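So the structure is just underneath, and the comments pick up after that.
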């Protein structure tokens, strides 16, 4: 039985095919060596599809990289498109006010609750830093401040209530059984002061929005950073300043529709979201809902946003 063995000799650039044949003839190996040029993967496969194709060319191994973009289910795609459509449909009203029609929405992906929606206000405020992303991050910060103040107020009420002098009956019991008296006290007024979780109110699309912080913040995990793991929906690719704000806020994913060729910080000009010298990276998806946003208002799937917002793609504008 003849055994065929494939051996990698060298890269094609190391020696020409003709020179290799001459060496084989020189050492009288023509009967056992039949050289050929065979393409092999230059890099290890990063996806399952790459692995399935490349293993046919040469034996290789594959280990799933959990840090790469995860698969998005059909139901999640519908949810993503719903948030993006909501964001886009605000551009027409904003443009009518004379503002740059750029809108940002921040969503908690675990609950799909819209935490804040803001738009560019540089024209009305005459402040060059009031981009949509900066305003939206500030709206989330305002929401967190309200929630913190509410917790502080509830804590102060609890402490002041516990400082009230006990009744004579309770005082007598305290002298005899201090632990049991403390226990009954905790089951009394303290329990009633616990904050009940409340659903976030529907937001008014007429203004920049943030929730009032009435949710049960004790059940919500405390975050080291302001927007850890949140999803951000943008009509336009953010500039470098806004991209760095998203890095500092530790967002999880960013979805945007219109790339900004002259100033984009998430793919067009710079790739802030994956810069190797930064200590936080996040997933970025571009052209999300591009066909729906650019469709005419008469078309069935049109989002009916401001068409002037689409023209910003080719203008020298920071978003």
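In the UniProt record's numbering, the protein residues as written are 1 to 319. We put the beta carbon where it would ideally sit given N, CA and C, even for glycine. Note that the coordinates shown come from a computational prediction; the quantities given were computed from them, not determined experimentally.
Exposure of residue 65, with buried meaning 16 or more beta-carbon neighbours within 10 Å: Within the chain shown, residue 65 is the residue found at index 65, counting from 1. It is exposed - the Cβ of residue 65 has fewer than 16 other Cβ atoms within 10 Å.
Using only CA atoms, which one of 279, 120, 308, 40 lies nearest to residue 250? By one-based count along the chain shown, residue 250 stands at place 250. Residue 279 is the option with its Cα nearest to residue 250.
Going by Cα to Cα distance, which pick from 227, 91, 271, 139 is closest to residue 285? Locating residue 285 in the chain shown gives position 285, counting from the first residue. Looking at the Cα atoms, 271 is the closest of the given residues.
What do you get for residue 54, buried or exposed, if any count of 16 or more other CB atoms within 10 angstroms of its CB means buried? Position 54 of the chain shown, counting from 1, holds the residue named residue 54. By the 10 Å Cβ count, residue 54 comes out buried.
Residue 247: which of 262, 289, 230, 16 sits nearest, CA to CA? The residue labelled residue 247 in the question sits at position 247 within the chain shown. Among 262, 289, 230, 16, the Cα nearest to that of residue 247 belongs to 230.
Buried or exposed: which applies to residue 315, given that a residue is buried once 16 or more other Cβ atoms fall within 10 Å of its Cβ? Stepping through the chain shown from its first residue, residue 315 is reached at position 315. Answer is exposed; the Cβ neighbour count stays below 16.
If contacts are defined as beta-carbon pairs under 8 Å, then residue 127 and residue 90 qualify, I think. What distance do you get, rounded to the angstrom? Along the chain shown, one-based indexing puts residue 127 at 127. Along the chain shown, one-based indexing puts residue 90 at 90. Incorrect: roughly 20 Å between the Cβ atoms, too far for contact.
Who are residue 301's beta bridge partners in DSSP? Translated into positions along the chain shown, residue 301 becomes position 301. Residue 301 is not bridged to any residue.
6 Å CB neighbourhood of residue 258 in its chain, flanking five on each side removed: Position 258 of the chain shown holds residue 258. So the list reads 236, 313, once near-sequence residues are dropped.
Does the region 22-29 come into contact with the region 44-52, if we say contact requires no fewer than three beta-carbon pairs (one atom in each stretch) closer than 8 Å? no
In chain order, what residues of the same chain lie with their CB nearer than 8 Å to the CB of residue 25, ignoring the 5 residues before and after it? Position 25 of the chain shown, counted from the first residue, corresponds to residue 25. Closer than 8 Å at Cβ, skipping near neighbours: no residue.
Between the region 123-137 and the region 146-157, are three or more C-beta pairs nearer than 8 Å? no
Taking residue 387 as part of the alpha helix (DSSP H), name the residues at either end of that continuous run. Because the chain is modelled from 1 through 319, residue 387 falls outside the range shown and cannot be assessed.
May I have the straight-line CA-CA distance separating residue 23 from residue 38, to the nearest angstrom? Mapped onto the chain shown, residue 23 falls at position 23. Mapped onto the chain shown, residue 38 falls at position 38. Residue 23 and residue 38: Cα-Cα distance of roughly 19 Å.
Using the Cα positions of residue 228 and residue 4, report the straight-line distance between them to the nearest angstrom. Counting from one through the chain shown, the residue named residue 228 turns up at place 228. Counting from one through the chain shown, the residue named residue 4 turns up at place 4. Computed Cα separation, rounded: 56 Å.
For residue 63, does the count of other Cβ atoms within 10 angstroms reach 16, so buried, or fall short, so exposed? Looking up residue 63 in the chain shown gives position 63. Label assigned to residue 63: exposed.
Could you name the residues of the same chain whose beta carbon sits closer than 8 Å to that of residue 261, not counting the 5 residues immediately before and after it, in chain order? Walking along the chain shown from the start, residue 261 turns up at place 261. Closer than 8 Å at Cβ, skipping near neighbours: 268, 269, 313, 314.
Between residue 308 and residue 226, what straight-line distance do the alpha-carbon atoms span, to the nearest angstrom? Numbered from its first residue, the chain shown carries residue 308 at position 308. Numbered from its first residue, the chain shown carries residue 226 at position 226. Their backbone Cα atoms lie some 32 Å apart in a straight line.
Supposed close pair residue 10, residue 134 - CB separation, criterion 8 Å: For the purposes of this step, residue 10 is taken as the residue at position 10 of the chain shown. For the purposes of this step, residue 134 is taken as the residue at position 134 of the chain shown. Between residue 134 and residue 10 the Cβ distance is about 55 Å, and since that is not below 8 Å, they are no contact.
In terms of alpha-carbon separation, which member of 104, 12, 95 lies closest to residue 305? Here residue 305 refers to the residue found at position 305 of the chain shown. Residue 95 is the option with its Cα nearest to residue 305.
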